[in-house]
Every structure is written in C-alpha cells, then in structure tokens.
Amino acid sequence: MTATSALSLPRTTATAARVLRQLRHDPRTIALMILVPCVMLFLLRYVFDGSARTFDTIGASLLGIFPLITMFLVTSIATLRERTSGTLERLLAMPLGKGDLIAGYALAFGAVAVVQSALATGLAVWFLGLDVVGSPWLLLLVALLDALLGTALGLFVSAFAASEFQAVQFMPAVIFPQLLLCGLFTPRDAMHPVLEAVSDVLPMSYAVDGMNEVLHHADLTTAFLRDITIVAAVALLVLTLGAATLKRRSA
C-alpha cells in the first residue's frame, strides 16, 4: 500500500506520540534540548557578571538563538536516524504520508520546544534578572517560534545528509552564517550593504529583531508583529519543503 498524500490528524498525532515515546528513552537528547539552553544562559549571565547591561543587551537575542540551534541539531540527526535505520521506509510503506510524518515530528518536537522555551525564558527573566521592558510572555512566544524554526530547518536538511556526521556538518552552512549576520554582534544596518541585504532574507535576523522589540518596548509594535509573522511563515514554508524532499531511505 502506498503512502497517502492527504494530511491526517490521527496519523500525525500517532507519529508525534511515537517520537515522544522514543525521546522518553533517550535522556541525553532530552538533556540537550531542555537543559543546554538554560546552562548556556546561566554561564552567559556570569561571564558578564560585572556588566549586567551587557547581559541585558545580548541575553534576549540568545534566548531565541539557543533553542533554534539545539532543535536544529537534534531534529536533523533524529530524522536521519529514522531513515538510515529503515524505520522511515517501513513507515511510509503504511498509510502514512510524508506530510503526516513531517507534521508529526514538528508536533512532537514542538511540544518539547514549549518546555524548553518556558524554562529558558523563566530562568533568564526571573532568576538571572534579564531586564525586559515588554512582557515575558512575548519573549516566550518568540523563543517558541525560534525553536519551531530550528525544528523545521533540521527536518529539511536531514533530507540531504547521508549520515549523522553529514547532518552535523550542515550546521556551519545553515546556522553559522545566520548567527554572524543576525545583528547579535553588530547592528545589521552597520554592516556592509551586501551583507545587510543578505541578512534581510535570513530568518534568524527577524528572530533577533523580535526579541529586541520585546526588550525595548512595553507594547506590541508593528515591527514585532512583522518579525514573528516572518519567522512563523518561514518555519511553515521549510516544513512544507521538508515534506516534499523527504527521502524514504538513504542513498
């Protein structure tokens, strides 16, 4: 029987439940997704112990970047492992479409992203003293969207890797340029015009911009709504591309 093409809620939720059951038996992966962003924020706060303002300046940005990076790494490796082990081929031989599989993975890792983002945001704001003018709930929203974006990017690039090592190698190609050009190290309008133009089409730039809007504005701004809309739209687009390019088996 061939895989169906229509997206099915029961098949999607069943896939998500299977992924969550697998994650429950993998404490190292859970630690990477849940604890590492919190540990990095904790270290960052005390690296700048003598300059709390520096932590306020970059802490909000990294609150969005850390979940994106960890979810990208874990999702790309986990999806590739499904393919190389033959699990993916067996699943797609059943009445399970590529869209169901991608949506199920996104739902499962999205649930983990909620926990990850909530812990990291709570730690930064209420324990590490991140000074935020806007609502911490808006910080949480951006952090969650960033984690979902990382999940989407990880699912997408896993289709082009033949091994877990190759999946990790995509990080310098996909994540590092965005990290350098997102405005974390210098304002984007202070970059060379060519690099500024490139940064304008990279989703991490809008993730950082959204965090900075919450950092400096008490109310919702038009720029904030634009930023989160772009991040969400890119995540949805990449998930769609991931479903289209998903391979049943490794080459």
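The working numbering puts the sequence shown at residues 6 to 256.
Glycine included, every Cβ here is placed at the ideal spot set by N, Cα and C.
Just so you know, these numbers come straight off a predicted model, no measurement behind them.
In this structure P72 is in contact with A152, their Cβ atoms being roughly 4 angstroms apart against a cut-off of 8 angstroms. Leaving aside the five residues that flank L145 on each side, the residues in its chain whose CB is nearer than 7 angstroms to its CB run, in chain order, S122, A123 and T126.
Here L184 carries a helix assignment [DSSP, helix/strand/coil]. With the rule of 3 Cβ pairs closer than 8 angstroms, the stretch 101-112 does not count as touching the stretch 187-195. The straight-line gap separating the alpha-carbon atoms of F53 and V147 is approximately 24 angstroms. Under the three-state reduction of DSSP output, T191 falls in the coil class, being neither helix nor strand. Around the beta carbon of P198, a 10 Å sphere encloses fewer than 16 other beta carbons of the protein chains shown; the residue is thus reported as exposed. For F53, the secondary structure class from DSSP, reduced to helix, strand or coil, is coil.
Around T80, the same chain offers F114, T156, G159 and L160 as residues with beta carbons nearer than 6 angstroms, after the five sequence neighbours per side are excluded.
The distance from the Cβ of A240 to that of L112 is about 13 angstroms, inconsistent with a contact at the 8 angstroms cut-off. R86 has its alpha-carbon roughly 13 angstroms from the corresponding atom of Y110. Sorting H221, R88 and V44 by C-alpha distance to the C-alpha of L133 places V44 at the top. Taking C-beta atoms under 8 angstroms as the contact rule, L78 and M209 fail to qualify, at a distance of about 15 angstroms. Contiguous alpha helix (DSSP H) elements confined to the stretch 196-235 occur at 198-204 and 208-221, taking only those with 4 or more residues.
For the pair G247 and A167, the CB atoms are not nearer than the 8 angstroms cut-off.
Distance from the CA of L200 to the CA of R16, rounded to the nearest whole angstrom, comes to 43 angstroms. The Cβ atoms of Y211 and V236 lie closer than 8 angstroms to each other.
Rounded to whole angstroms, the gap between the alpha carbons of W142 and A57 is 22 angstroms.
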